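The structure appears below as C-alpha cells.
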Ligand code: IMP
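In our numbering, the protein residues as written are 111 to 305.
This is the structure in C-alpha cells:
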C-alpha cells in the first residue's frame, strides 16, 4: 500500500502470517459493521449519561479503540489486566488482577469491554470484583461468545458474535502472544499448535 491509498480497518496484509491461518470466521468489515451497530445502541442507552469503558487487557484493546470511536458519547476509558491460569488455550477460572483501574468507580456507569467470553469464569470474577466497588450500573460488551458461555448469571448486554467452541485468534486475541494484530477472527492451522 502506498501512503496515498485510503486504508480501511480491514486492510491488514494477511500474507504476513504465512500458512498459519486455517480459516477466517469473521472478517474485518463484518466486525466494524457490528461494532457500529452496538455503538449506536450504547449511544442511545446512555444518552445524557457519563460512561466509563473498562477494557480488559490485553485482548480487548482493539475492540476498545474501535468501539470508542463509534460511540457518540463523551466516554472515559480505563483498563484492567487480568491473568487467568490454565493451559495456553483454556482458562482455569483462577484469576489474578495484574493491573487495576486508576480511579474509583463508585456511583459511575461502567461498561466492561471484553474480547471473548469462553467459560465465563474470568468475567464472573471481574463482575463480582467490580460490583463490590458500588458502581451505579455495570454492563458488559463482549465481541465474541462461545456457546459454552451461555450461563444465565453472566449478563452480556451487548454481544458481537457467537463463535463455535474452537480456539480463535485475531482482533486482539492471541495464541502465545501472536496474531493479535489480525484484522479478523480466524482459526489457526493445526500445525501451529504442534510447532
Ligand atoms: P474464560 O474465562 O474461559 O471466559 O476466558 C476468558 C479469556 O480467555 C478471554 O478474555 C481470552 O483472553 C481468553 N480466551 C478464551 N477463549 C479464547 C480463544 O478462543 N482465543 C483466544 N483467547 C481466548
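Glycine residues also receive a C-beta, built at the ideal position from the N, C-alpha and C atoms.
All figures in this text were calculated on a predicted structure; none of them were measured in a lab.
Cβ distance (whole Å) where residue i is taken to contact residue j below 8 Å
{"i": "residue 299", "j": "residue 129", "result": "6 Å"}
{"i": "residue 250", "j": "residue 231", "result": "Going by Cβ atoms, the distance from residue 250 to residue 231 rounds to 14 Å, so no, they are not a contact pair."}
{"i": "residue 166", "j": "residue 192", "result": "6 Å"}
{"i": "residue 271", "j": "residue 136", "result": "6 Å"}
{"i": "residue 303", "j": "residue 293", "result": "That pair is no contact at about 22 Å."}
{"i": "residue 275", "j": "residue 258", "result": "6 Å"}
{"i": "residue 301", "j": "residue 134", "result": "That belief does not hold up - the Cβ atoms of residue 301 and residue 134 are roughly 17 Å apart, past 8 Å."}
{"i": "residue 127", "j": "residue 289", "result": "7 Å"}
Buried versus exposed, by CB contacts within 10 Å (16 or more), residue i
{"i": "residue 170", "result": "buried"}
{"i": "residue 207", "result": "exposed"}
{"i": "residue 228", "result": "buried"}
{"i": "residue 218", "result": "buried"}
{"i": "residue 241", "result": "exposed"}
Own chain residues within Cβ distance below 8 Å of residue i, not counting five before or after
{"i": "residue 226", "result": "169, 252, 253, 254, 255, 256, 273, 278, 283"}
{"i": "residue 214", "result": "243"}
Spatially closest choice to residue i from the options, by CA coordinates
{"i": "residue 188", "options": "140, 179, 221", "result": "221"}
{"i": "residue 142", "options": "173, 156, 213, 215", "result": "173"}
{"i": "residue 390", "options": "133, 245, 182, 294", "result": "The question about residue 390 has no answer here: the residues shown for the chain are numbered 111 through 305."}
{"i": "residue 180", "options": "190, 150, 157, 160", "result": "150"}
{"i": "residue 62", "options": "237, 185, 146, 134", "result": "Within the shown structure, residues of the chain are numbered from 111 to 305, placing residue 62 beyond reach of any answer."}
{"i": "residue 156", "options": "133, 176, 182", "result": "182"}
{"i": "residue 268", "options": "285, 148, 305", "result": "148"}
{"i": "residue 68", "options": "286, 290, 291", "result": "Because the chain is modelled from 111 through 305, residue 68 falls outside the range shown and cannot be assessed."}
In DSSP terms, what residue i is bridged to
{"i": "residue 295", "result": "136"}
{"i": "residue 209", "result": "191"}
{"i": "residue 288", "result": "285"}
{"i": "residue 307", "result": "Any question about residue 307 goes unanswered here, given that the chain covers just 111 to 305."}
{"i": "residue 224", "result": "252"}
Sequence-distant residues of its chain with Cβ nearer than 6 Å to residue i (five each side left out)
{"i": "residue 223", "result": "163, 165, 170, 173, 174, 251"}
{"i": "residue 144", "result": "270"}
{"i": "residue 176", "result": "145"}
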